[in-house]
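Q: Numbered per numbering that gives the first Met the number 0, the sequence shown spans residues 0 to 164. The beta carbon of each residue, even a glycine, is placed where N, CA and C say it ideally should be. These numbers were taken from a predicted model, which means no experiment stands behind them.
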Amino acid sequence: MRTLVLNAGYEPLAIVSFRRALVLVMNEKASIVACDEGDPVWATSGRYDRPAVIVLSRYVRVPRTRHAPVTRRGVLRRDGNRCGYCGKTASTIDHVMPRSRGGKNSWENLVACCLRCNNLKSDRTPQEMGWELRLTPAPPRGTGWTVRGSERNEPSWEPYLAMAA
0 MRTLVLNAGY EPLAIVSFRR ALVLVMNEKA SIVACDEGDP VWATSGRYDR PAVIVLSRYV
60 RVPRTRHAPV TRRGVLRRDG NRCGYCGKTA STIDHVMPRS RGGKNSWENL VACCLRCNNL
120 KSDRTPQEMG WELRLTPAPP RGTGWTVRGS ERNEPSWEPY LAMAA
């Protein structure tokens with residue numbers, strides 16, 4: 000089980016294990032906002048609610064300059080695991096401007112790609128191949144990209160993630 004951590008302004012900060020969240024609550028550094036009713040934590044000292052969402056007691060500023068790091072998994076997730084050229088299921092990533100020609104590892108230059116299209120394209124540009132991109136590559140936005148581990152959201156987190164968006 001995972002727990003969403005909010006700062007005092009109810010902005011999402013991170014996702015932690017329920018054990019870490021319970022320690023923060025027991026040390027009075029956080030309070031429980033939402034809990035899993037049907038799944039308590041049993042200890043020798045008693046029964047505790049399993050936290051689903053906690054809020055920290057002190058305000059923690061969220062830096063607005065947070066950028067999602069460029070990763071293979073991130074590019075595939077941003078493009079919905081669909082090839083940027085043909086739309087089939089993607090398993091690799093491709094540099095729109097090939098690295099051999101000075102292309103960078105950036106959100107604007109990477110797209111998800113199926114193995115067939117990646118091999119056919121090789122070190123050429125889509126224009127040289129006569130291909131068009133199905134989407135314009137851009138950096139991802141939203142709390143789902145700045146809060147680490149939020150790609151698999153719990154239903155109880157939705158109101159808090161929606162407030163931040």
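Going by beta carbon distance, what residues of the same chain come within less than 6 Å of A0, once the five residues before and after it are set aside?
A: Note that residue 0 is Met in the sequence shown here, rather than Ala. Cβ neighbours of M0 beyond the five flanking positions: F17.
Q: In terms of DSSP beta bridges, what is H94 paired with?
A: The partner list for H94 (beta bridge, DSSP) reads L109.
Q: Considering just the uninterrupted stretch of the alpha helix (DSSP H) at L134, what are its terminal residues?
A: Element bounds for L134: n/a, residue is neither H nor E.
Q: State the DSSP-derived secondary structure class of R57, mapped to helix, strand or coil.
A: In this structure, R57 counts as coil in the three-state DSSP scheme.
Q: Could you have a look at C188 and say whether DSSP puts it in helix, strand or coil?
A: The requested residue 188 does not occur in the structure, where the chain is confined to residues 0 to 164.
Q: Taking the Cβ atom as the reference point for each residue, do N117 and D93 lie within a distance shorter than 8 Å?
A: Yes, these two residues count as a Cβ contact at 8 Å.
Q: Suppose the cutoff is 6 Å on Cβ atoms and the five residues either side in sequence are ignored; what does the same chain contact list for R156 look like?
A: Correcting the residue type first, residue 156 is Trp in the shown sequence and not Arg. Result list for W156: L3, in chain order.
Q: Our contact map puts V54 next to V32 with C-beta atoms below 8 Å; I'd like the distance itself, whole angstroms only.
A: Indeed they touch by this definition, with Cβ atoms about 5 Å apart.
Q: For Y84, count neighbouring Cβ atoms within 10 angstroms of its own Cβ and tell me buried if that reaches 16, exposed if not.
A: Label assigned to Y84: buried.
Q: Less than 7 Å separating the Cβ of N80 from some heavy atom of the ligand PLP?
A: Here there are no bound small molecules, and the ligand PLP is not part of this structure.
Q: Considering only residues of the same chain and omitting the five flanking positions on each side of A111, which have a CB-CB separation below 7 Å?
A: For A111, where only same-chain residues beyond five positions count, the Cβ hits under 7 Å are V74, L75, D78, N80, R81, C82, G83, A89 and I92.
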